[in-house]
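Comments concern the structure below.
Protein chains in written order, with the working numbering: chain A, 20 to 458; chain B, 20 to 458.
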């Protein structure tokens, strides 16, 4: 048995405490598999006195994670603090500067500074592992970074936020409204008191930014993502989508197009028999289209202390197994210095089908007018449905006539131009709903 | 850019030819990602003159793969010959003996000699990579060997044979018979002229044996698997299962029980909303239950030249990236010398629910008798259905009365004892069907 691998863990919240427990309970099991014991020798958190769900006796305590990161008796620095700046960022840099491998679950940090940190790690022959940062326990980073190395990825998309998928699943299965499901999610601990970060799509966007870099060998560009959340989705949308053979999911999608790479987060209609449509509740899933392999779909728990700790522990075990020897697996699949600039495809150039739900003041005349506005933009309609659910009252007056349109493949700019004209024509009794379709 | 990684490829069938093409087309792309070019310097196949779908000009030719394996100008030996003995086995041993890393897609070889070969590789600090051997393009080996290192696996199960899943999917969706779907599978190249190896479950068993070792840290025991194929499944079974909310899939299941580890391959009823039930056609999927992560499900193309080549190329890229330096990732997740003996759970001790389809000569009296035979064995029934599909004629005379029983959790030995008695009682008009249920 070789020398132990010595860990310093910064951040003892749900994930950190779960990790400390797992490493203790599985000590001998992990030592046998990794060929060396894994010991937590130092920890850091905000408040030393706080009661925790893990035993940290015998570990060196640091109030400052940056000091922990510089501890010369630590081989691997595990960052579980969170946040894209401040102590998380400083401590990871300090750890790399002082020659330590880093394992992190921090999507925000990577979305903002990932390329720079990967470059620092690679220059020094260190590993920067972050399996837990995207889709929790699902081995999506390793799959994209290693197994799919020979594939040119054309698209990666997924359900990356359990809160949103929980809410949409409840809305669909029980016919409930958004607010009611959100309140339940909050009660169950699936959503924060301020749910904005999850429900408005920002959490998904951070994760998508990392997947985009892995997929296309481009620099991370988390500030160039089209983001739309789920708070506008109504039971009427979900019912109308179901009638047409679709489910509504919040997807993060990164896709290569002729004009660049699209990064978009929005509620999406997916065919009810698509693998991604089968993902219910807080479960996450990622689908990858590779030119050699075809489509892979990986699903599992995307959050939670234990599932996240599983991925963090896997990253640590990788380091334990492969030491000694220089570490040359590029963190982002491509050596950081060779990542290409991200070329953003314009959202208006996006092509796809659209689901449109309108409330018309007077259907007879209004519909003819709308149809001609669509035709002016060369938008052809795949289906036109008058939707009767008795649920229209939530966003339209009783006299309004709901109409659902599904378009054939068209462009975002054509849809927006048509919407502008339709709005000006004055036939709409309420703000129209538009949801993109992903096949 | 570092020195090229030099490959010798033995076997130029569908997978080998696809791999040679991929490595040529992606030469620069792979070199950038791996930090060194990957060059195929030598190849071997049975017939030099055979027309192939790849260009092997400029590569050294060997009639004998064992000689190729000893070529001192080769860094990695890629075995795509197939078979659990003979040239595949000899050449892999020779490659390891002469200090070469090995990448193989050969499930039969690993199912028989995997532990011994892993031990040879680990003693010499070499990698023996075989992502393509189980479930083709799906990164299941890496997930189990690396990402899930800290998890104690309780069960791994999956659809590991595309031929069977294609046949069962067609039978279900189109209400066709087994023979008709098999003939179509043969016509489309999904099934061999002699389909026994696929449809009787042996291919699934080979793959399962490898997954079992990875899951439980035990020696590979491919001769201790309960194997039952799909050739007895009728449209009546599929229809009756559907009426009860189930689909029928050929699963390979490895599961820890109180008496040991179960390895079983058999047609299985899975709830229609389970992730594994959504896998249609030739697609494969593997579900893993880990004590920390929960359940992961990975799905994708399980066969085909390109999907398999994708996984082989990923294994090669791993070696290209990590050289130089000793290789210490154990092939089977646990160092081969530390693998525990496989302790077989007796199939008769298997516990679960059972689907039973009977044809009774005279339902009134017969049913009472059968119910009491079940009760004698403490088997309690969850549902009893008289099934009317008009399809009973395929295995029962017209006067026979079909009855479907679904049991609560019971044991295989109880079911078999009850069947023996029921058979002797003389009420059955045809051989009874019994299909296990997996939740």
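All C-beta atoms, glycine included, are put in the ideal place defined by N, C-alpha and C.
Residues of chain B with a Cβ closer than 7 Å to the Cβ of residue 316/A are, in chain order, 318, 319. Under the three-state reduction of DSSP, residue 173/B is assigned to strand. At a cut-off of 8 Å between C-beta atoms, residue 428/B does not count as an interface residue with respect to chain A.
In the DSSP assignment, residue 371/A forms a beta bridge with 429/A.
In the DSSP annotation of this structure, residue 260/B is not part of any beta strand (DSSP E); the continuous alpha helix (DSSP H) holding it starts and ends at 254–262. Put simply, the CB of residue 311/A is near chain B, with a gap under 8 Å to one of its CB atoms. Residue 28/B does not reach chain A, its nearest Cβ partner there being about 14 Å away, counting only Cβ pairs nearer than 8 Å. For a cut-off of 8 Å, the C-beta gap from residue 323/B to residue 184/B is around 14 Å, too long to register as a contact.
Look at the beta carbons and you see the stretch 193–210 of chain A not touching the stretch 142–161 of chain A: under three pairs across the two are nearer than 8 Å. Using a CB distance cut-off of 8 Å, residue 325/A counts as an interface residue toward chain B. Within the stretch 162–176 of chain B, the residues whose Cβ lies closer than 8 Å to some Cβ of chain A are 162, 165, 166, 167, 168, 169, 170, 171, listed in chain order.
In the DSSP assignment, residue 96/A is bridged to 27/A, 121/A. In terms of Cβ geometry, residue 269/B and residue 286/B form a close pair [threshold 8 Å]. Of the residues 139/A, 47/A, 236/A, 100/A, the one whose Cα lies closest to the Cα of residue 357/A is 236/A.
Nearest Cα to residue 439/A within the set 111/A, 389/A, 97/A: 389/A.
If you draw a straight line from the Cα of residue 163/A to the Cα of residue 74/B, it comes to about 28 Å.
Assigned with DSSP and collapsed to three states, residue 454/B falls in strand. Taking 9 Å as the cut-off between beta carbons, none of the residues of the stretch 88–104 of chain B comes near chain A. Remark: C-beta atoms of residue 94/B and residue 24/B approach each other more closely than 8 Å.
Of all alpha-carbon atoms in 188/A, 245/A, 402/A, 212/A, the one lying nearest the alpha-carbon of residue 227/A is that of 245/A.
Using a Cβ-Cβ cut-off of 8 Å, residue 193/B does not count as an interface residue toward chain A, since no Cβ of chain A sits closer than that to its own. A contact between stretches requires three or more CB pairs, one per stretch, nearer than 8 Å, and the stretch 66–83 of chain B meets this requirement with the stretch 29–44 of chain B. If you check the CB distance, residue 315/B and residue 156/A come in under 8 Å.
For residue 337/B, the nearest CB of chain A lies under 8 Å from its own CB, placing it at the interface with that chain.
In chain order, 294, 297 make up the part of chain A whose C-beta sits under 7 Å from the C-beta of residue 297/B. Judged by DSSP secondary structure, residue 132/A falls within the alpha helix (DSSP H) whose first and last residues are 126–142. Relative to residue 328/A, the option among 165/A, 66/A, 52/A, 122/A whose CA is nearest is 122/A.
At a cut-off of 8 Å, the C-beta of residue 341/B has a neighbouring C-beta in chain A. For residue 49/B, at least one C-beta of chain A is nearer than 8 Å to its own C-beta. A Cβ-Cβ distance of about 18 Å is found for the pair residue 284/B and residue 265/B, leaving them out of contact under the 8 Å criterion. Under the 8 Å Cβ criterion, the stretch 216–224 of chain B counts as touching the stretch 176–193 of chain B, having at least three qualifying pairs.
By the Cβ criterion, the stretch 167–182 of chain A is not in contact with the stretch 371–378 of chain A, since fewer than three pairs of Cβ atoms, one from each stretch, lie closer than 8 Å.
The Cβ atoms of residue 176/B and residue 272/B lie closer than 8 Å to each other.
By DSSP's assignment, residue 79/A forms a beta bridge with 61/A. Contact note: residue 392/B does not reach chain A at a C-beta cutoff of 9 Å; the least C-beta distance is about 39 Å. Contacts with chain B at 8 Å (Cβ-Cβ) include residue 352/A.
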